[in-house]
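Participant: Chains as they are written, first to last, in this note's numbering: chain A, -17 to 432; chain B, 176 to 482. Glycine residues also receive a C-beta, built at the ideal position from the N, C-alpha and C atoms. Below is one structure. I have some questions about it.
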């Protein structure tokens, strides 16, 4: 065990200290953060086109209360919701703001229908105008009940600043056929796709590192020195575990740095966005929509909020598990390939059976985000060779916990099996030089007694 | 007493036999030459001794005990094909290999510093392995092999890649190690160094051991009763003075002298030859031709091929 630990340490430290690791660790988050930050930035830029927004106000509170700006023009309508939507599509208006009547409470929620995804600035503006109006009205109602002098009343009218109300604004995308689709699903799809994609990428990147590491040891003949001190299995597992830790380190740093960069930019953009209140939203489950405190204002926080609302811990834990499980399963195979060949060019013939299931998993994951509970997604999320990617693409939509357990169990079984096979190929392969190896030969190695 | 013993060790691979019932005894405190042509099975035997691979049949004993994994830390192995991680720093790398052999970090650092100083290579400590020449890397590998002061050392072609100066430094170190009590298995094709260093040898050919024993005894055994004469020029031929029991293997001359190598038949002795020739020529030199390990190697392997 002590020797395995030494091997793990070496594999880990030599890689983490590499310049390429440090560069990637910094570059990765910058790229990922820019995927968040650029849309945020673009949203702050003024659009050339003036966007027309229809307003269907059932409460009557907001008639003529939305002032037009350079970017937005508001038109008021009194039709039924369906007609209004129809009208919006026909007149080529950008969006329809629907403020439904609420009995007994003040109106604090609205739905924004649009063909295209509305920008952060638009939502911010509408929410801002609505909350101001609601605050003013609430105050007026309350002041009317008191008998105040004109002077006091004027002073009191300045109170809205102190009694902030926040508005819940949901967005709905309408497709051309008139069907509705909540942006919510899209966010989940994105989360699912990104999770599957990251696992796919990580298995490939770090699996290839295992392959190259084993080949380096074999071609440089360091292996001859090593095996006189450690057992081949210890060396193989030490390398696999060491590189897994490199992968986890990289992932952890990426996550932390990405969050850091994004939040820095969020704060920076907060000043530029017109009267938009950018605060990290903390949704309180159980609280009624109407009374939601401190609602978020940006697309980003909305994304986080959705991740929060779907089983957050399950996603993180299963990501770590399926990343490790999938990596261990494939890394063993990559190690076996590396041990069997003499040069990079010889790897080709053995790579296909390893990369094919991995790629298949990626393809199925692409389909699975559209139909996460279909039979295709279900089966491929059970088979160990594809499950890490496909299961990760399903989990954000919510997967019955027993399915996750079965898939996890099969994955553990799978990697024990591939490690067993790989170890047998490895211990023979690393000491075999100058021989073009065939599949038949590999099978012979597997069946050798030690 | 034998430090290491193999008993009827066999190893088969699909299609061929690498070792066929090989038994050797490596005496404690000796330098034991493991010889044989390419592909004879030496590397397989060395790997079995190192427990890198297991034998199919046969027993192995280290210091009288059956060989087991705890003995690994008591063996130092310098393989013929040897490499280092190119991107690692020399000191760090040496430390890593030493710790894998069971030394603590502190012990290893102390001993490494000593050896680096001894070889005058302290300045290499923070260099990357890839910055060293091949010969320099070999030096580091040698140090790492002997660092943990194992009882048994195995050197496979240790001198390849070294210049003559470093070869002689290394030879000295190997002899010193033996004098300090280490037992050394030494595998090489360089017969000169075998003569120089080895006390015992075993010769393996086509997976079988075909010769073993003390070097001096083997040499005695392979004496062919051949003598070499150097004498003045004279009118006549030397064979005129010899009869059937003496055969001339080789004859020659230069400006000063003539030479002849003469093999004696059974029953004849050195003095018989001198009796015949001494009255006729002025002898300048006279000595027995003792076979070199090189000659023995070639003749034994050729003989084995004939079988």
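1. For the alpha helix (DSSP H) that contains residue 92 (chain A), what are its first and last residues?
2. Where does residue 320 (chain A) sit, in a helix, a strand or coil, going by DSSP?
3. I'd like the span of the beta strand (DSSP E) that includes residue 40 (chain A), first residue to last.
4. Give me the residue from B:211, B:296, B:226 with the minimum Cα distance to residue 387 (chain B).
5. Count the other CB atoms, across all protein chains shown, that sit within 10 Å of the CB of residue 387 (chain A); report buried if there are 16 or more and exposed otherwise.
6. Secondary structure at residue 409 (chain B), three-state DSSP: helix, strand or coil?
7. Between which two residues does the alpha helix (DSSP H) containing residue 289 (chain B) stretch?
8. May I have the straight-line CA-CA distance separating residue 339 (chain B) from residue 289 (chain B), to the nearest angstrom?
9. Residues of chain A with CB under 8 Å from residue 271 (chain B), in chain order?
10. Can you give the Cα-Cα distance for residue 131 (chain A) and residue 119 (chain A), rounded to whole angstroms?
11. Please state the DSSP three-state secondary structure of residue 6 (chain A).
12. I'd like to know whether the C-beta atoms of residue 197 (chain B) and residue 482 (chain B) end up nearer to each other than 8 Å.
13. On a Cα-Cα basis, can you pick out the residue from B:209, B:269, B:199 that is closest to residue 237 (chain B)?
14. In the DSSP assignment, find the alpha helix (DSSP H) that holds residue 204 (chain A) and state where it starts and stops.
15. Between the alpha carbons of residue -15 (chain A) and residue 242 (chain B), how many angstroms are there, rounded?
16. Would you kindly work out how many angstroms separate the C-alpha atoms of residue 43 (chain A) and residue 116 (chain A), rounded to a whole number?
17. DSSP puts residue 193 (chain B) in a beta bridge; with which residues?
18. Please check if any C-beta of chain A sits within less than 8 Å of the C-beta of residue 254 (chain B).
19. Starting from residue 120 (chain B), trace the beta strand (DSSP E) both ways and give me its first and last residue.
20. Residues of chain A with CB under 8 Å from residue 446 (chain B), in chain order?
21. What ranges does the beta strand (DSSP E) occupy inside the segment 175 to 221 of chain A, keeping only unbroken runs of at least 3 residues that lie completely in it?
22. Tell me whether the beta-carbon of residue 209 (chain B) lies closer than 8 Å to the beta-carbon of residue 460 (chain B).
23. Pull up the distance between the alpha-carbon of residue 317 (chain B) and that of residue 174 (chain A), whole angstroms please.
24. With H, G and I counted as helix, E and B as strand and the rest as coil, what does DSSP make of residue 394 (chain B)?
25. Does any residue of chain B have a CB that is nearer than 8 Å to the CB of residue 223 (chain A)?
26. Chain B partners of residue 209 (chain A), CB-CB under 7 Å?
27. Using the C-alpha atoms, what's the distance from residue -6 (chain A) back to residue 338 (chain A)?
28. Beta carbon of residue 370 (chain B), beta carbon of residue 468 (chain B): below 8 Å?
29. For residue 297 (chain A) and residue 378 (chain A), which I take to be in contact (beta-carbon distance under 8 Å), what is that distance rounded to the nearest angstrom?
30. DSSP state of residue 154 (chain A), grouped into three classes?
31. Contact between the segment 344 to 357 of chain B and the segment 421 to 429 of chain A: three or more CB pairs below 8 Å?
Facilitator: Taking the definition as stated:
1. Element bounds for residue 92 (chain A): not the alpha helix (DSSP H) but the beta strand (DSSP E), 91 to 96.
2. Judged by DSSP in its simplified three-state form, residue 320 (chain A) adopts helix.
3. Taken as a continuous stretch (DSSP letters only), residue 40 (chain A) belongs to no beta strand (DSSP E), as it is neither H nor E.
4. Restricting attention to B:211, B:296, B:226, the CA atom closest to the CA of residue 387 (chain B) is found in B:211.
5. It counts as exposed.
6. Three-state result, residue 409 (chain B): coil.
7. That run of the alpha helix (DSSP H) goes 280 to 293.
8. Roughly 24 Å between the two C-alpha positions.
9. -12, -8, listed in chain order.
10. Straight-line Cα distance between these residues: approximately 19 Å.
11. Here residue 6 (chain A) sits in helix by DSSP.
12. No.
13. Comparing C-alpha distances from residue 237 (chain B) to each of B:209, B:269, B:199 shows the shortest one belongs to B:199.
14. Element bounds for residue 204 (chain A): 204 to 208.
15. C-alpha separation (whole angstroms): 20 Å.
16. Roughly 8 Å separates the two Cα atoms.
17. Bridge partners of residue 193 (chain B): none, in fact.
18. A Cβ of chain A is located within less than 8 Å of the beta carbon of residue 254 (chain B).
19. Lying before the first or after the last residue shown, residue 120 (chain B) is absent from chain B, which here runs from 176 to 482.
20. Those do not exist, as residue 446 (chain B) stays about 54 Å from chain A at its closest Cβ, beyond 8 Å.
21. Listed in chain order, nothing qualifies, since the segment 175 to 221 of chain A has no complete beta strand (DSSP E) run of 3 or more residues.
22. It is not a contact, given that the beta carbons lie outside the stated cut-off.
23. The straight-line gap from Cα to Cα measures roughly 54 Å.
24. If DSSP states are grouped into helix, strand and coil, residue 394 (chain B) belongs with the helices.
25. Taking 8 Å as the threshold, the shortest C-beta distance from residue 223 (chain A) to chain B does not fall below it.
26. In chain order: 227.
27. Between residue 338 (chain A) and residue -6 (chain A), the C-alpha separation is close to 28 Å.
28. Pairing residue 370 (chain B) with residue 468 (chain B) gives a Cβ-Cβ distance under 8 Å.
29. About 6 Å separates the two Cβ atoms, so the contact holds.
30. The answer is strand: DSSP assigns residue 154 (chain A) an E or B state.
31. Taking 8 Å as the limit for Cβ pairs, the verdict is that the segment 421 to 429 of chain A does not touch the segment 344 to 357 of chain B.
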